[in-house]
Each structure stands twice: as C-alpha cells, then as structure tokens.
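Below is one structure, written out as structure tokens; comments come after it.
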Amino acid sequence: MPQKTRKHRTNVQIACPGSGARQTGQNIQKTVACYINVQTKFIFVTGGVMSGLGKGVTTSSIAKLLQLADQKVSCVKIDPYLNYDAGTMNPVTHGEVFVTEDGGECDMDIGNYERFLNQNIPKSHNITTAQVYSSVIDAERKGKYLGACVQIIPHVTDEIKGRILQIAKDEDLDFLIVECGGTVGDIESLPFLEALRQMRVESGPQGVIFVHVTLAPSLDVVGEQKTKPTQHSVQELRRIGIQPDFLAVRCTAPLHEKTREKIGMFTNVSATDVLSCHDTGSIFEVPQMLYDQGIMDAMFTKFHKVGMVNASANWDRWNRITRDISNHEDKKTRIAMVGKYVTLADSYVSVNQALRHAGAHAKRSVEIDWIDSDSVADCSMLSKYDGILVPGGFGTRGAEGIIKAADYARQKNIPYLGICFGFQLAAVSFGRSVLNLGDANTSEISKETKNPVVDLLPEQKEVSEMGGSLRLGANEIIIRDGTVASGIYGAGTIKKRHRHRYEINKEYIGEFEKGGMVFSAESDGGKRMEVLEIPSHKFYLGVQFHPEFNSRPGFPEEVFAAFVSAT
Ligand code: GLN
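So for the sequence shown, this note's numbering puts the first residue at 234; every next one is plus one.
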C-alpha cells in the first residue's frame, strides 16, 4: 500500500503584503498578518550555461517521478521577461504559445508539464515579471504599503513567494516543482532567484531543494566531457546564495564516472547527485533515466520523507505509454505541415506531439515535414504526403500558400486537417474555388473583400488591445449527430480550447452546405461554427478550436487520432 509520511513537514510561513489580486480590499494591517502555511515540499529548477538545455523536460520528469510515486504534484514556470504573458510573443523566436483550459496564453513549458503529468495546469502557474510588478504597483497605488518605500526586496520578492505559496496551498500539493526560466547570471531573473533563495532559508533544507541544469560539452573526437561550464555556472549560482542539491548535466553520451566526480568535487554537490541527462530517443525516457541514477531515494532522503511508496502499477502504465511512443518503423505516415512559423520546430510543439500520440495509437511512426506556406507556389510538392495539416496562424504572410494547400488536399482527396487558421482558410479556399466567390477571404487578410466568408468576432469590433484579448480557453461545443465529427467525438457536448479573433461568417453557411461543405459543430448557442467537413472526401476536416492542447501521450486527442488513421 502506498503510504505517505507527513513526519517532517515544512511549515513555510510568509507575509504576503501585495499578493496582488488575491488580497484586494484588505488593508495592510490585515495583509501583514496573513501568513500562508503549507506542507508542500518545493523543488526549484534553475538553468546554467545557456538556454535550450531542457530545463522544462527536467522539471516535468522530476514531477512525473513524484506523480508515479503517488504524490500530489504540480509545476510552475517562472518567465522573467517583461511581457505579461506569452500571448504577444512571436512563436518563431519563443516557441508555441500554449493555451490553458482557463484561457492563459502561456510559455510552451506548461504544455510539457500537462503532457508529462496528464493533468491540466492553470494559467496562474506561469508567473512573469510583468504580473509580479503589476500586482506590486497596483498595491502601492491602493496605498497598501502604508507609506513604506516599496522595493524589490522585500516587496517584489514577497509577491513572488506569495504567488508560489498560494498555488501550493490552494491545490494542497505534496510537491511543487518551480522552473525558473532564463540562465543564472541574467539580470532579469535575479529577484526570482532571490525569492527562491529566501524560501530555502525560511523552510530549511527539508522543505526546499535546488536542481541546477547545466551542460558538459564534448569537444574532441575522444569525447572528453568538459566540466568548466558547469563549474562556472554553479559558482554564479552560489554567488547569489544558492547551493544546488542536484545537478542535471546535459551531455550527448552518458556522463563518465570521472566527469561526475570532478563536477561534484568543484561544485560542492555529492557526486551521486550529479545526474547524467544524456540524449535519448524520446523525452519521455528522461524520468526513467533520472530514476535509474537514484534521484528519488536521494530526494526523499533530503526531504526527510521516509517510506518511499511502491507504485509499480503507475510505472507499468507509464512504461507502456513511453514504449508505444517510440517509433513503429514498419508503418510510416508522412505528414506535410504547411504553416507560417516553420523555422522553429517548437513553434508547433503541441501539434507535433499530438501527431506522435496519434501515431503511437495507430502503431505508426509519423514523419513530419514542415513546409513554409510562403513557399507553396506549385502544390505538386505535396503529392508525396499521406496527409496535409495546417496549424494555427495569424496575418497575411503565407496565407495564399495555405489556401492553395487546402485546395490541393480537397481536389486530390488527400486527408486534410485544418486547425484554427487552417480551418478558416479551408473555408476561404472552398468559397473561391467551389462556390465561385471570386475574392472570398477572411477579413483578417482583406478588409475590402466583397465576400468575407471569415469575419471578425462581433465582440472583437471594439477591442484595441492585443494582449489577452482573443477568444481564449475552453468553451463548450455541440456536435451535430450523423456527421463525420460525431463519428470522431460522439454526438453531444465536448469542451476544447480556443485562441482566435475571427470566425466563419454565418451568412454564407447556406451556400457552403449547398456546395457540399458541412458545418458539423457549433458553440455559444449556435452563434459560431466550430467544425467544417466534406463528407464525400476521404478525410477533410477543419476545427476552429485547438485540439493539440488536449492531446497527451497514451491519450491522443480524437481528431488527431482520426486524421492519422485516415492517412
Ligand atoms: N488568425 C486567426 C484568428 O485570429 C486564427 C488564429 C489561430 O490560428 N490561432 O481567428
């Protein structure tokens, strides 16, 4: 029987003067007296040397291991940039904007957490500098600091701690893993690292541990693993008062024993807590890799959590999922992903992952070629693919290429899945070439078109702000019985995540349906169309929502599963 020991609880207590939104209406006397008591243990993950080392995967993997041990766990991502959220950021430089159930436009790491843990993560788990400062400034303007000089320490750091502790308390977590974005040494992450440092002091080493992710590059042919970048990075961390408990060292081949010992010696970390994070076929193998190096025992010892649980049934389930994700080389499906943000694979990370989940389910390996929609002039390049997928996108550039691809898939009976922009432009292509509405377009691309088959959401007409102002998050959708969509989702109500400003113009629906395109799902009391399909086609489906955000390893999202099976 799994048993949880609560013997050595951490009782972190912290005053939360700002704790911004949550404390509104209370005066300073009250808020100073407000302490957050939690029994949660915290694991703080920091990054060194350079970005892109896989802090998100390390964070998710540690969380997964704890979840497999029957612990109640969640993750938080700190993004020290000044954007309020990721919504206004270019996916080509920053990666996908991940949309949460509650409508947050978040860093793509939140998607990693959701996929590893198979649980929804609320938007409050993505903390940015802008959110923290907004709360503090708001509290100051409301006079909540009662004449105090408002400073980064303690006011900003208290706000950061308050937000982390509030999550731990509200969700009654056993463990909260907090990943601090950026690289140690960055100016903008300093207040966050200072807040995490303080939490360690306040809770003691049994309440907080630090994991630092670094790199051991191999420069020569004999593959000597260099330790200096790790040494310097840990020095930088110690300079600001943080001594890591574990090092997760990225390397191409497993860390040599000698390297492990050398790193341990020069970083004050026990060599057994220097963990090799070498390249693997799939990110889902990382939890096993860390487990095999004894991270769980070591962590539980540090936390004074004795009586580790035996959760072999959880492991069996997880192992089956990770095995299935691995390639099924004997059966391949080739997908052309025609989109605008193809120079960075991370721009569509959830779509890529959802295709892999669906492939694993269909026992096929899915090979994805990203095709820049700007370069689609002659569609014959698409003839070699088993399926064409058009993901989300914004703006004019590359739209005509997408419209051509949607046309080509329809004419050549190639399975097509259009997501959001891919749904809207499939309707545009149908309007132009089947309904002969010469200049049919979305008003996002042409304000002058005489046939705006896709038009601005009426409630967006007055909206001028860009940030957080799209139709966001999970909404109910009603699927019409007897349609392709009902074959996929079943007739009735489903809930899916959205991120859009434009929609199908209902004035054209009669014409579309006469021409053979069916709108098979709707939302908001029939106000907006959510799914389009061509029943006579092998598989031609567009969805206004974003199914990719609901796909998890072992639990492929239904429309992705149907699309891959149809190829
Ligand atoms: N640009 C389109 C809209 O705002 C599609 C958005 C998307 O693909 N996420 O409606």
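Quick reminder that beta carbons are idealized off the backbone N, C-alpha and C, glycines included.
- Under the three-state reduction of DSSP output, aspartate 579 falls in the helix class.
- Under the three-state reduction of DSSP output, threonine 333 falls in the coil class, being neither helix nor strand.
- For alanine 642, the closest of Phe663, Thr629, Gly625 by C-alpha to C-alpha distance is Phe663.
- In the DSSP annotation of this structure, the continuous segment of the alpha helix (DSSP H) that includes methionine 432 starts and ends at 423-436.
- The nearest non-hydrogen atom of ligand 1 is 8 angstroms or more from the C-beta of glutamate 755.
- Note on the region 606-658: whole beta strand (DSSP E) runs with a minimum of 3 residues are 620-623, 649-652, in chain order.
- Relative to ligand 1, glutamate 677 has its C-beta within less than 8 angstroms of a heavy atom.
- Tyrosine 581 sits away from proline 786, with the two beta carbons spaced by 9 angstroms or more.
- Shortest gap from the CB of isoleucine 652 to any heavy atom of ligand 1: under 8 angstroms.
- Going by DSSP, arginine 556 is part of the alpha helix (DSSP H) stretching over 545-558.
- Taking all protein chains shown into account, asparagine 674 has 16 or more neighbouring C-beta atoms within 10 Å of its C-beta and is therefore buried.
- Pairing glycine 628 with phenylalanine 533, the inter-Cα distance amounts to about 50 angstroms.
- Secondary structure at alanine 296: helix, using DSSP grouped into helix, strand and coil.
- Rounded to whole angstroms, the Cβ separation of phenylalanine 536 and lysine 274 is 5 angstroms, and the two are in contact under 8 angstroms.
- Within the region 305-361, the runs of beta strand (DSSP E) at least 3 residues long that lie entirely inside it are, in chain order, 306-312, 359-361.
- At a Cβ-Cβ threshold of 9 angstroms, threonine 279 and aspartate 312 do not count as neighbours.
- Shown here, alanine 660 sits in a helix according to DSSP, grouped into three states.
- If only complete runs of 3 or more residues are kept, the region 700-726 shows the beta strand (DSSP E) at 704-712, in order along the chain.
- Annotated three-state conformation of isoleucine 742 is helix, per DSSP.
- If you ignore the 5 residues before and after proline 424, its C-beta comes within less than 7 angstroms of the C-beta of Ile385, Val389, Thr390, Ile393, all in its own chain and listed in chain order.
- Looking from the CA of leucine 670, the closest CA among Glu677, Ala660, Arg589 belongs to Ala660.
- Valine 792 sits away from proline 768, with the two beta carbons spaced by 9 angstroms or more.
- Looking at the DSSP output, lysine 729 bridges to Asn708.
- Look at threonine 447 here: in three-state DSSP terms it is strand.
- The beta carbon of threonine 326 lies closer than 8 angstroms to those of Leu577 in the same chain, with the five residues before and after it left out.
- Counting along the chain, the unbroken alpha helix (DSSP H) around leucine 523 starts and ends at 519-525.
- Per DSSP, the unbroken alpha helix (DSSP H) holding phenylalanine 796 starts and ends at 791-799.
- For the set Val764, Asp688, Val571, Ser606, the Cα lying nearest the Cα of valine 717 is the one of Val764.
- In this structure, the CA atom of valine 306 is about 37 angstroms from the CA atom of arginine 761.
- Looking at Ile442, Gln439, Ile737, Ser294, the one whose alpha-carbon comes closest to that of leucine 690 is Ile737.
- Here DSSP, grouped into helix, strand and coil, assigns glycine 280 to strand.
- In terms of Cβ geometry, cysteine 308 and leucine 409 form a close pair [threshold 9 angstroms].
- Secondary structure note for aspartate 688: its beta strand (DSSP E) is the uninterrupted segment 685-689.
- Taken through DSSP and simplified to helix, strand or coil, glutamate 755 comes out as strand.
- Residue range 390-403 is occupied by the alpha helix (DSSP H) that includes leucine 398.
- The distance from the Cβ of aspartate 611 to that of arginine 630 is about 19 angstroms, inconsistent with a contact at the 8 angstroms cut-off.
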